[in-house]
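Peer 1: Numbering (full-length UniProt numbering), first residue to last: 1 to 707. Using N, Cα and C, we set each Cβ at its ideal position, and we do this for glycine too. Supplied in structure tokens, the structure appears directly below.
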């Protein structure tokens with residue numbers, strides 16, 4: 001009897017133990033990451049050939065204490081390596097773990113390699129070569145605290161490498177994990193199996209191999225035990241012959257009841273090639289079809305199992321499409337697969353919740369570094385269609401009502417970008433903005449008192465309902481999370497897509513970018529203020545401070561300004577402003593763009609202007625600014641500088657978005673200035689719910705008429 005160890009992915013240990021016991025293994029003991037077991041030489045070879053779940057089969061050789069690098073060297077040398085393999089065989093060392101004396105796994109591997117080589121040279125035997133790519137012998141050393149466990153890897157390459165998969169999709173499952181998913185799905189060999197998002201077909205191929213009694217190791221050409229001196233070739237040939245006979249018989253007896261669908265034709269060709277190499281191509285039917293249009297391939301009344309590893313994203317930008325996919329898939333399954341079993345493996349419990357199904361069972365497992373869950377469902381035999389609007393009925397109804405009113409108004413106004421929903425219902429704390437054919441959902445950060453999982457589920461529901469009510473494809477919806485901004489956070493880049501497109505605002509054409517930055521390039525609540533600036537600009541020299549992407553300068557230029565000067569600290573946004581000006585034919589030296597700290601520039605310039613627009617940050621402590629700035633605390637100092645830049649009879653439009661901002665009228669009077677609030681006049685119909693989103697003032701020299 002030999003003592004052996006089978007490693008596997010975390011979470012699959014008990015499943016592996018059951019499999020080994022069915023093969024005839026004795027004294028199975030589960031530990032984290034694998035199973036210790038015992039068996040004779042035939043059982044050893046059978047576990048290598050037939051285990052669908054093991055990652056590797058190891059033959060433990062010894063353990064030794066490691067309190068110095070010499071201890072490791074001597075512990076390895078105590079093994080008779082010349083009895084393990086001959087000098088004409090290559091070998092490699094896989095070393096994992098560290099302790100206080102072996103602080104680097106590469107150093108540990110080097111010491112083990114030296115000890116093995118010296119075992120040969122001291123006996124004046126040929127020195128074996130090291131081959132890290134495909135060695136004849138693979139030695140595994142695991143250092144845990146002060147104990148090194150040394151084993152011979154009988155597998156060679158990982159057992160998940162069955163030999164049939166040369167190419168895979170973007171996020172392939174390892175074959176042994178795929179086998180575990182099939183085993184846990186509730187599917188029974190002989191019954192139909194459908195994968196609606198099959199990718200390279202691994203789940204279906206593993207199931208077909210189970211159904212046909214085809215050993216997972218049958219197509220492997222390289223094994224770690226072949227270079228081992230104790231390799232029993234006759235016994236191995238017997239194990240292989242038995243596996244081949246069982247596979248031929250199983251293929252003849254198994255009905256063709258496996259169906260795979262995917263919307264990527266290139267990946268489907270890979271799946272077909274994989275199935276051919278696995279010897280099960282005639283059993284699996286692959287077809288190009290989007291999961292949301294999935295139809296039942298069986299005759300009415302028949303039922304089977306659906307199993308899949310649907311996509312899941314790690315970035316917010318991918319979530320709208322994935323939320324839509326899961327929501328629509330859930331409805332489709334209820335409509336067309338009543339009475340079926342469903343099993344989905346995912347790293348996102350939130351996305352699975354979008355199915356609106358209650359799981360009967362669930363299992364946890366690791367997919368590489370990801371914590372994943374497999375959920376099994378029983379689809380009701382009869383189920384009425386559920387629309388995504390019903391998932392968040394109150395929200396959907398409010399959105400539909402707002403849309404009916406605001407869409408008509410926006411068309412009459414001649415604007416492409418406007419707000420449709422702004423946290424109208426406290427349960428759905430989001431803002432929904434339309435940008436031509438695109439929609440942006442901004443999630444306001446939930447208070448810490450709100451359960452994070454509940455808030456996230458409501459967000460998913462809102463996204464699903466938005467896609468349904470607005471009837472837009474999921475790839476036209478962008479999700480942003482908006483938290484309280486500080487300093488220059490609006491300038492932080494989020495991605496590098498460069499997906500800018502043109503929108504219309506009255507007579508102006510402007511570039512927006514919905515994905516690369518926190519903001520889109522256009523503050524919608526300032527729309528009427530910009531139009532007013534255009535109406536006030538004819539024949540005037542216009543200054544735009546904290547200009548962002550220069551949209552106010554565009555309106556002033558189109559309104560007939562004699563000149564525009566656009567000042568901002570960000571080169572990125574100044575280049576954006578230049579593109580906006582150029583898009584509207586506003587070119588030439590009369591349209592200047594200046595990169596500068598606006599507060600510093602104001603205090604130093606000796607230029608004067610007829611019309612000034614300033615929309616400073618509420619607070620800033622940018623590294624480019626010498627001092628911090630607070631709009632409430634510092635607005636009088638700001639007005640003093642602005643007065644110096646303002647020609648007699650000129651006007652400043654001053655806006656900010658600080659809630660509860662109080663204008664210091666007495667302080668203004670002492671500066672010789674007078675302010676008239678025009679907040680109500682600059683608020684448009686799509687922002688009536690949020691009257692404090694900004695406040696706006698016209699400021700002139702005292703004694704001059706303020707309009």
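Spatial neighbours of residue 534 within its chain, please: C-beta separation below 7 Å, excluding the five flanking residues on both sides.
Peer 2: For the purposes of this step, residue 534 is identified with residue 534 of the chain shown, where counting begins at 1. Around residue 534: 555, 556, 558, 559.
Peer 1: State the start and end residues of the unbroken alpha helix (DSSP H) segment that holds residue 246.
Peer 2: For the purposes of this step, residue 246 is taken as the residue at position 246 of the chain shown. Its alpha helix (DSSP H) spans residues 233 to 253.
Peer 1: Starting from residue 598, trace the alpha helix (DSSP H) both ways and give me its first and last residue.
Peer 2: Position 598 of the chain shown, counted from the start, is the residue given in the question as residue 598. Residues 598 to 604.
Peer 1: Out of curiosity, what's the CA-to-CA distance linking residue 43 and residue 165?
Peer 2: Working through the chain shown from its first residue, we reach residue 43 at position 43. Working through the chain shown from its first residue, we reach residue 165 at position 165. Taking the straight line joining both Cα atoms gives about 27 Å.
Peer 1: Are residue 329 and residue 292 closer than 8 Å when you measure CB to CB?
Peer 2: For the purposes of this step, residue 329 is taken as the residue at position 329 of the chain shown. For the purposes of this step, residue 292 is taken as the residue at position 292 of the chain shown. Yes.
Peer 1: Three or more C-beta pairs under 8 Å: does that hold for the region 139 to 154 against the region 83 to 102?
Peer 2: They touch, by the three-pair rule.
Peer 1: Pair every Cβ in the region 202 to 215 with every Cβ in the region 249 to 262, then say whether three or more of these pairs are closer than 8 Å.
Peer 2: With the cut-off at 8 Å, the region 202 to 215 and the region 249 to 262 touch.
Peer 1: Report the three-state DSSP secondary structure of residue 215 (helix, strand or coil).
Peer 2: Here residue 215 refers to the residue found at position 215 when the chain shown is read from its first residue. It is coil, neither helix nor strand.
Peer 1: What first and last residue would you give for the beta strand (DSSP E) that runs through residue 39?
Peer 2: For the purposes of this step, residue 39 is identified with residue 39 of the chain shown, where counting begins at 1. Where residue 39 is concerned, the enclosing beta strand (DSSP E) stretches over 34 to 39.
Peer 1: For residue 218 versus residue 178, is the C-beta distance shorter than 8 Å?
Peer 2: Working through the chain shown from its first residue, we reach residue 218 at position 218. Working through the chain shown from its first residue, we reach residue 178 at position 178. No. Outside cutoff.
Peer 1: Alpha carbon to alpha carbon, how far is residue 473 from residue 616? Give it in angstroms, no decimals.
Peer 2: In the chain shown, counting from the first residue as 1, residue 616 sits at position 616. In the chain shown, counting from the first residue as 1, residue 473 sits at position 473. C-alpha separation (whole angstroms): 37 Å.
Peer 1: Residue 661: which of 631, 681, 29, 638 sits nearest, CA to CA?
Peer 2: Residue 661 sits at position 661 when you count from the first residue of the chain shown. Comparing Cα-Cα distances from residue 661 to each of 631, 681, 29, 638, the minimum goes to 631.
Peer 1: Enumerate in chain order the residues of its own chain whose CB-to-CB distance from residue 685 is below 6 Å, with the five nearest sequence positions on each side excluded.
Peer 2: For the purposes of this step, residue 685 is identified with residue 685 of the chain shown, where counting begins at 1. The answer, listed in chain order, is 409.
Peer 1: By Cβ distance, which residues of its chain are closer than 6 Å to residue 315, with the 5 residues on each side in sequence left out?
Peer 2: The residue given as residue 315 occupies position 315 in the chain shown. Low per-residue confidence applies at residue 315: pLDDT is 49, beneath 50, and the placement is therefore not dependable, though the value from the model is reported in the following sentence. So the list is empty, once near-sequence residues are dropped.
Peer 1: Could you tell me the alpha carbon to alpha carbon distance between residue 74 and residue 65, rounded to whole angstroms?
Peer 2: As a working mapping, residue 74 is identified with position 74 in the chain shown. As a working mapping, residue 65 is identified with position 65 in the chain shown. Cα-Cα distance, rounded: 10 Å.
Peer 1: Relative to the alpha-carbon of residue 301, which residue among 280, 243, 652, 380 has its alpha-carbon at the smallest distance?
Peer 2: Stepping through the chain shown from its first residue, residue 301 is reached at position 301. Checked all of 280, 243, 652, 380; the closest Cα to residue 301 is 380.
Peer 1: Under 7 Å Cβ to Cβ from residue 359, same chain only, skipping five residues before and after it: list those, please.
Peer 2: Here residue 359 corresponds to residue number 359 of the chain shown, with the count starting at 1. Result list for residue 359: 375, 376, 377, in chain order.
Peer 1: In this structure, does DSSP put residue 687 in helix, strand or coil?
Peer 2: As a working note, residue 687 is residue 687 in the chain shown. Residue 687 falls in the helix class under three-state DSSP.
Peer 1: Taking the straight line between their C-alpha atoms, what separation do you get for residue 601 and residue 527?
Peer 2: Numbered from its first residue, the chain shown carries residue 601 at position 601. Numbered from its first residue, the chain shown carries residue 527 at position 527. Going by the C-alpha atoms only, they are around 26 Å apart.
Peer 1: Nearest-angstrom Cα distance between residue 256 and residue 78?
Peer 2: Translated into positions along the chain shown, residue 256 becomes position 256. Translated into positions along the chain shown, residue 78 becomes position 78. Residue 256 and residue 78: Cα-Cα distance of roughly 55 Å.
Peer 1: Exposed or buried, what is residue 1 when buried is set at 16 or more other beta-carbons lying within 10 Å of its beta-carbon?
Peer 2: In the chain shown, residue 1 corresponds to position 1, counting from 1. Residue 1 should be labelled exposed.
Peer 1: Here's the rule I'm using: 16 or more other beta-carbon atoms within 10 Å means buried, otherwise exposed. How should residue 31 be labelled?
Peer 2: Your numbering for residue 31 matches position 31 in the chain shown. With fewer than 16 other Cβ atoms within 10 Å, it is exposed.
Peer 1: On the premise that residue 581 lies in contact with residue 550, defined as a C-beta separation below 8 Å, what is that separation, rounded to the nearest angstrom?
Peer 2: Within the chain shown, numbered from 1, the residue matching residue 550 stands at position 550. Within the chain shown, numbered from 1, the residue matching residue 581 stands at position 581. Yes, residue 550 and residue 581 are in contact; Cβ-Cβ is about 6 Å, under 8 Å.
Peer 1: For residue 8, name the three-state secondary structure that DSSP assigns.
Peer 2: Sequence index remark: in the chain shown, residue 8 carries index 8 (1-based). In this structure, residue 8 counts as coil in the three-state DSSP scheme.
Peer 1: Express the C-alpha separation of residue 310 and residue 152 in angstroms, rounding to a whole number.
Peer 2: Taking the first residue of the chain shown as 1, we reach residue 152 at position 152. Taking the first residue of the chain shown as 1, we reach residue 310 at position 310. Approximately 37 Å between the Cα atoms of the pair.
Peer 1: Residues bridged to residue 82 by DSSP?
Peer 2: For the purposes of this step, residue 82 is taken as the residue at position 82 of the chain shown. Residue 82 pairs with nothing; no bridge assigned.
Peer 1: Just the C-alpha distance for residue 111 and residue 69, rounded to the nearest angstrom, thanks.
Peer 2: Locating residue 111 in the chain shown gives position 111, counting from the first residue. Locating residue 69 in the chain shown gives position 69, counting from the first residue. Distance between the alpha carbons of residue 111 and residue 69: 7 Å.
Peer 1: Report the option in 531, 140, 516 whose CA atom is closest to the CA atom of residue 505.
Peer 2: Mapped onto the chain shown, residue 505 falls at position 505. Taking only the C-alpha atoms, the option nearest residue 505 is 531.
Peer 1: Mind checking whether residue 57 and residue 91 have CB atoms under 8 Å apart?
Peer 2: Numbered from 1 along the chain shown, position 57 holds the residue referred to as residue 57. Numbered from 1 along the chain shown, position 91 holds the residue referred to as residue 91. Not in contact: residue 57 and residue 91 (Cβ atoms no closer than 8 Å).
Peer 1: If distances are taken between C-alpha atoms only, which option among 673, 687, 365 comes closest to residue 679?
Peer 2: The residue given as residue 679 occupies position 679 in the chain shown. For residue 679, the nearest C-alpha among the options comes from 687.
Peer 1: Determine which residues share a DSSP beta bridge with residue 701 and list them.
Peer 2: For the purposes of this step, residue 701 is identified with residue 701 of the chain shown, where counting begins at 1. DSSP, once it has assigned bridges, lists 673 as partnering residue 701.
Peer 1: I believe residue 508 touches residue 547 by the beta-carbon criterion, under 8 Å. Please report the beta-carbon distance rounded to the nearest angstrom.
Peer 2: Your numbering for residue 508 matches position 508 in the chain shown. Your numbering for residue 547 matches position 547 in the chain shown. In fact, because the Cβ distance is near 15 Å, the residues do not count as touching under 8 Å.
Peer 1: When DSSP labels each residue in this structure, what does residue 160 get in the three-state scheme?
Peer 2: Along the chain shown, one-based indexing puts residue 160 at 160. Of the three classes helix, strand and coil, the one that applies to residue 160 here is coil, per DSSP.
Peer 1: Determine which residues share a DSSP beta bridge with residue 371 and list them.
Peer 2: Mapped onto the chain shown, residue 371 falls at position 371. For residue 371, which the question treats as bridged, DSSP gives the partners 366.
Peer 1: Given that a residue counts as buried once 16 or more other Cβ atoms are within 10 Å of its Cβ, and exposed if not, what is residue 666?
Peer 2: Here residue 666 refers to the residue found at position 666 of the chain shown. Its Cβ having fewer than 16 others within 10 Å, residue 666 is exposed.
Peer 1: What first and last residue would you give for the beta strand (DSSP E) that runs through residue 639?
Peer 2: Position 639 of the chain shown, counted from the start, is the residue given in the question as residue 639. Unbroken run through residue 639 is the alpha helix (DSSP H), 631 to 645; no beta strand (DSSP E).
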